[in-house]
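Residue numbers (the numbering used here), protein chains in the order written: chain V, 2 to 334; chain Y, 2 to 334; chain R, 2 to 334; chain U, 2 to 334; chain Z, 2 to 334; chain C, 2 to 334.
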């Protein structure tokens, strides 16, 4: 076991951090990737209250846990998205405000800058999250897209995120986009386009989560190698295709967990993700950051799932070899 | 060859109907499925000009062609859709008007009623087309959908289309939705939901096009058998998955024909569609309507494609057997 | 681990129950599914000897074991079957009698009624078993079947089993047919036909064993969902296809374990059965009964196999989730 | 095209031979494989009426057709089978007689001897057909088989067929068993056992029909090479697996053509059979006999099917190469 | 049909060119790719005899044939290879000389320069051929390779071929290496290395033959797109994997055509090559040169094969589309 | 766990045996398969120094280890190979001598005889190793092979190894060739040829390592059954195909561990090898020798790998069953 294994707290935000940290410590996690919602990590408090970040660290310490990364997916999502009621449900009131779309986007952008500053105060160098996208909804080109509109979506992304990343750079923190459908980058092609749009700047990298690639039929280990320099964080999650000729790979507008969906998220090791292949690729590119487990399996009790996933990651995350296996065949001269 | 083979004219609307009919007649088609755009079939003219429909029929007759169906996909799409610039490009100015979304949707609904009336004047009993959808853009549930919103999308569909289908019923014409991503129904689950929403009324059926199912990993022949009573029209088109671990099944926001797409439309017989399986299913359900070829292959010259497709359909569309193959084993007594 | 894990004793009937119970208790099983052969559970004794059932329960208690189900496959098989020497080898002499086929079938039917009564005495509410079939041998229709004969097979089944199930109903016990080739129901189609034949009465349900589905290329989790209301018991067993172009899926009239067979039974987790998929389906339908391990692997020592299977089931049988994984993304208001 | 292409007449026995021969001649067949039922070829008449065989040949000649083989599947089936009503429906009354099983089997055996004699009179050297089997119904070993019984089935076959083949030898005709489920040989294992049982005598060979192998997941070209010396005749027929997780490979006791079957017979070239692979294997073993098309497709009109199959065979049956492709790279010295 | 279809004459060198040209003309080929062996095209004669090249062209003209390319695989092979008896069999005596390896390699290099000059005289701009390789035999690294030796193999290639390509450049002809096992480039990796070694100079490109990629499990259309600028010629040939668990993909040191080989060359359209995919890729990169059919199928008569291949290429080589299929959906404004 | 599990020491020859034995003992291995290089087992010392073999055994004893087999792959390789610099790197100087190829081969042959004698002294009855091959480099037949040369390669093998095996026979030790590309036998075909060449003598058998079969697409369990009488030793190693359309199955002349290779060796249980299938086959043939783990995974730390492999083998190596699972269904009479 070469890398710390953490638990992403986003799906546990109904529990106070104290409760969750106690559980995670007992289960044997090395740390938590704190979500910026629930009471887990409050960006505003971190900036306004000098002792807040220190307090969070002490809380974690008490349970033998560390923090390498915080995640602010929900606010990041609102930076580029067309805004609707779904965002109202997931944004802090101070970001939602009056709900005027452009206002929401601008406040979300400011909040992401503050997230960078808060991360710096907490002493972590990576923020994971989403970007949103002004063009995601044009996915299937009908009525036929004017593809210049798609290009404008990438320009819009760059215009909105460049100033955010400027702040990240200032405070020495990196943003790690979780490449994911609904985001500006969700596969090889769009990741390349997003990086090109933002000038391949170092402050903007990837939180790679292979569960979003399996149902797209994408190869995760190769992605890690292709974008080796921008893999800043890694999510351990899984998904499983359940195709039988009657279930669409597109999901049928059904909620996760529905028996008629063509694919679903499942606990790590229970789906199509080649985690060992990812570990080998991470070894090759020299990634030494956390493997952060994200529980998303509508069919499995989450506490059972967290422990099952931890055991799975521990036995799969092996150290690379330090020499060629046929080296010992040669005589030493 | 048991069924008439027609050519859908929608992708040839840059050509005058006279030109296209001459070609199609020479190539050996039995008829045309006239698109309600270009100069092929003008709904307004058909209603206002007593001789228009008759004139279209005569034009077809001159080239040995018949018409069983007209298609008005572009206007139908606007009935339920959120409206944007893409609709402006594809709607007649009289429907687009000032572009106010609700106004566009209402005028599109009226135009669909008129399309039914125009079809009746032309003497055809089926209109193929699209419905649009107010919820398609919520396909991937992030930010998490409130799934009551999805249900409302089906209610909205029923409210807008029930009055349209009333007119179809009055004039003795059926509407055949092309089950298709971006529409209210695009797979098994959503087709069932759409039919339930609209009360399974007879006036609303399916134009089945298997090319939209192949890339969703859906079984087309089984769909034909499951919805046997509502298969009102059949499109012969094909699509091909091009997955290699680096191309997403979601299409990467790339235009059709791009080499990095994970799937693409191709000429009939050049892709993943099991046309023979569809023919066997159509035989079992007793479908005797046209097989309408729709050319959509960015890599193939359309004139070559139309003729290649016609030959392919002719050799694939066989008659069913009239008795069991082992019947002759028994002695007659 | 949410459900009791039991061991079906049928393949251990060469051992006295006392011996087997001691082993099973030590291995950590929760209980036994007692076979009505060997000395494990004697239907006649249970009815004639007031203390017999109580004695069996005490024996199990001593080893920390319970009993939820008894299995009487061998006698049930004779109820509908054409009778031959194979039945003589597997029936109690009192059922075989003089071996006259119809007499055997009738005595077998009486014995199944008694099995229900004996189960009630033992305090279990489920009897697993077989039905036999008068038409199984007509599987491949050559010489061509008169398919009315097949229908008569289902009628024969209903006539013979309805009176048996009447007794089951009277004593508050359910019969759970192990859906299985050689039985009246062995797949989706025949299960539907059998249920229809017997009026879908509640007393007649399914002991589902996915090992019989894998070599038929049938989906087990979907079967569980389709027949959710009739899944009364679950057998954990596995089978593996060994096709190489020279071995027939039909088994070549070879004994199990032969290297030239196209498929074979194997220890749970060593074959093609998707047990996790079954567990998810069982969770969805709310099945809370036992998971009963049936050892049938000609290549594995049965004691090793029983323990290996128990460990496998324990780590695969997880509890379902109690809430959606994205519930915590929403602000509480 | 190197080999004659014939049509097996068994499925056309409702038509007088005159009618069928006229059609087959017009379609371009080289000959007919005459079935010994309907009015196509009457074994009794051929033996009793000196001009009968000559008359059949003249009839064929008139339509430009020849005959290399006659088929007597229905009578051969009764030689080893347990006899039931299905045989009554398919046997000539003189063979069925009073229906006493052993009597039927003996009369069937005599009829097969006469078939050899009649074939000799007609001037053909091969009779295709079935053997029946006394053990086919024990296919799935439950109740568990006493496998000595299976061995006895092969002995019974040898005892009944050796005297028949003696007559074949006397008159210089070979019997070609169609390897087929329900027969004594239906795959690699059972073909080997059957040949061993009958002493690998030359008079008893194979009519190979790959459609019976595809649904058993067996490799047909390798079979041809393994049993090269006993391939006496070849049937061109096809079958197609239709598995979707809900349809059993065992056929569900459904009639051919039913939409819920897991596999079905289909017209040549429309299924899973690798005919080109068979042709290459036939070339390698030097088979120069007919390719005999057997129409069995419940979904295709038989006249369309016969012509479609003929065209398919003509374009697939190519001549082997006479020298290595890289021979011309070497200098001649 | 957009491109000329030619026949590569290398496998027909036992026939005088006159004979072959007559056949090819009758079969409908557009031209021949002349092999520099047999009497097809004699490099020495072309340089020494002023009328030779003219005479060859006239011979072709008489049969309606043209020549775009000549192939000198056998001599090219000797440029880098370790030399053994196999080369003696395939080289002209003037190149073999005394058989001293380095002398053979040097004479072969001179002959390739002369081949360029002879091509220029014949008026063709492309020579297809092989390079040989000094390191091919180190394919499987055991005893473990010193991988610096592999690098030296590429340097050796560059040293030997750069002077040859200088002559090609001088006379305005391009060399097209057939990427092929046994050559310096046989897959993606080695093609990239070979091009790098030789400085990516324009005079050295590819004769792409997808039959060498199918058995390596390589994607041919993607290769065409990746090396678009260096695709100078295209061979239509096919190969087929015949894996059954007992045949090695490595070929078992068996001659082509042996039934135990794991793969073999087959006539175009009879194997695993995706020719349509190649055609689409060739369309995308704008390749307008010949499609040259190379017959190599040990199981098919070569004259049947040549004609079958020609028909196959004619129906597969379609013209690309000139506009998007959804272009006609937009109103013209 | 029925068989001893050993560690092959060849890849650990950089460590003194004392160090390695201490580790292996602590990890729980049952023994070591000593390599005849490094300081692990010195053939010369064993013959010259009376106490050497005894000393090695004592060293192993101290760590609770035994030795059933010694391996001399590197010297064996030189017996038939064309000799080059790679052999110099891997041979003892006394075998390499002046490097004259034939001299090297002869000294290697003598050393293999001595290896047999040394094995006898150590008290082991099996030597694993390689043979080399004079024809391996002719793998792909271009320039076209004269296949008589291939036959001569097998004759050369027999001539060189027969005298070696004579010594093995004399001292009661068996040679077990590791079937492997680069050796005289590497698949089914070549193993059969090698055995035939050497007269199927008992002294020459197989060290079976399934990792060499997986990338050749060969079935390992069937091989074990086919060559049952000659399976003398078993290596537990694994390999994994990494094909993606851009990586060749041939390895691209890349070193093991390179990300562009089409297959690679991996730690047992991490690849394509069906170890359970092999265990079942070994059970069927009655093999009771060691399962010897060979670590070769360029991506995994070897100490982690050795322990991971040991745990994997322990849980996979089960005992066979001693009776049929349905035996207990029959009444005892």
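Using N, Cα and C, we set each Cβ at its ideal position, and we do this for glycine too.
Just so you know, these numbers come straight off a predicted model, no measurement behind them.
Beta-carbon proximity check, residue 177 of chain Y vs residue 127 of chain Y, cutoff 8 Å: Result yes, Cβ atoms of residue 177 of chain Y and residue 127 of chain Y sit closer than 8 Å.
Buried or exposed by the 16-neighbour rule on C-beta atoms within 10 Å, applied to residue 99 of chain Y: By the Cβ-count criterion, residue 99 of chain Y is exposed, with fewer than 16 other Cβ atoms from all chains shown falling within 10 Å of its own Cβ.
Any C-beta of chain R under 8 Å from that of residue 323 of chain C: Output row for residue 323 of chain C: interface = yes.
Within-8 Å CB hit, residue 307 of chain V to chain R: The C-beta of residue 307 of chain V comes no closer than 8 Å to any C-beta of chain R.
The ligand MN heavy atom lying under 7 Å from the CB of residue 90 of chain R: This structure lacks the ligand MN, and indeed carries no ligand of any kind.
Within-8 Å CB hit, residue 21 of chain C to chain V: Proximity of residue 21 of chain C to chain V, defined by a Cβ-Cβ separation below 8 Å, is not satisfied.
Bridge-paired residues (DSSP) for residue 36 of chain C: In DSSP, residue 36 of chain C forms a bridge with C:72.
Endpoints, alpha helix (DSSP H) assigned at residue 130 of chain U: No alpha helix (DSSP H) holds residue 130 of chain U; the beta strand (DSSP E) holding it covers 127-130.
Straight-line gap, residue 299 of chain Y to residue 153 of chain V (C-alpha atoms, nearest Å): C-alpha separation (whole angstroms): 24 Å.
Residue of C:269, C:277, C:241 and C:275 minimising C-alpha distance to residue 263 of chain C: Answer by Cα proximity: C:241.
Interface partners of residue 91 of chain R on chain U, CB under 8 Å: In chain order: 144 and 145.
Under 8 Å by beta carbon: chain Z residues contacting residue 188 of chain V: Residues of chain Z passing the Cβ test: none, with the nearest at roughly 17 Å.
Proximity of residue 314 of chain U and residue 267 of chain U at Cβ, strictly below 8 Å: Their beta carbons are not under 8 Å apart, which means residue 314 of chain U does not touch residue 267 of chain U by this criterion.
CA nearest to the CA of residue 274 of chain V, picked from V:11, V:213 and V:122: Out of V:11, V:213 and V:122, V:213 has the C-alpha closest to the C-alpha of residue 274 of chain V.
Proximal residues to residue 84 of chain R (C-beta, below 6 Å), its chain only, five neighbours per side dropped: These residues qualify, in order along the chain: 102 and 105.
Cβ neighbour criterion (16 or more within 10 Å) applied to residue 47 of chain R: Its Cβ being crowded by 16 or more others within 10 Å, residue 47 of chain R is buried.
CA-to-CA distance, residue 41 of chain R to residue 25 of chain R, given in whole angstroms: Between residue 25 of chain R and residue 41 of chain R, the C-alpha separation is close to 14 Å.
Endpoints, the beta strand (DSSP E) within which residue 53 of chain V is located: Element bounds for residue 53 of chain V: not the beta strand (DSSP E) but the alpha helix (DSSP H), 53-63.
Complete beta strand (DSSP E) runs within the region 211-290 of chain Z (minimum length 3 residues, chain order): For the beta strand (DSSP E) assignment, the uninterrupted runs of no fewer than 3 residues enclosed by the region 211-290 of chain Z are, from N- to C-terminal side, 232-237, 239-242 and 264-267.
Inter-stretch contact at 8 Å, needing at least 3 Cβ pairs: the region 58-68 of chain U / the region 21-38 of chain U: The count of Cβ pairs closer than 8 Å, one atom from the region 58-68 of chain U and one from the region 21-38 of chain U, reaches three, so the stretches are in contact.
C-alpha gap between residue 2 of chain U and residue 129 of chain U, whole angstroms: Caution applies to residue 2 of chain U, whose pLDDT of 46 falls short of 50 and renders its modelled position unreliable; the model cannot decide the point.
Best match in Z:325, Z:97, Z:218 and Z:96 for proximity to residue 272 of chain Z [C-alpha to C-alpha]: Of the listed residues, the one whose Cα sits closest to residue 272 of chain Z is Z:218.
Same chain, Cβ closer than 8 Å to residue 89 of chain Z, five either side skipped, listed in chain order: Excluding sequence neighbours, residue 89 of chain Z sits near 97 and 100.
One or two residues paired with residue 7 of chain V in a DSSP bridge: Residue pairing of residue 7 of chain V in beta bridges, as defined by DSSP: V:32 and V:293.
Helix, strand or coil at residue 186 of chain U according to DSSP, with G and I counted as helix: Of the three classes helix, strand and coil, the one that applies to residue 186 of chain U here is coil, per DSSP.
Among R:5, R:132 and R:55, the one whose alpha carbon lies nearest that of residue 191 of chain R: Relative to residue 191 of chain R, the option among R:5, R:132 and R:55 whose CA is nearest is R:132.
Residue 207 of chain V, enclosing alpha helix (DSSP H) - first and last residue: Note, residue 207 of chain V: premise wrong, no alpha helix (DSSP H); beta strand (DSSP E) at 205-209.
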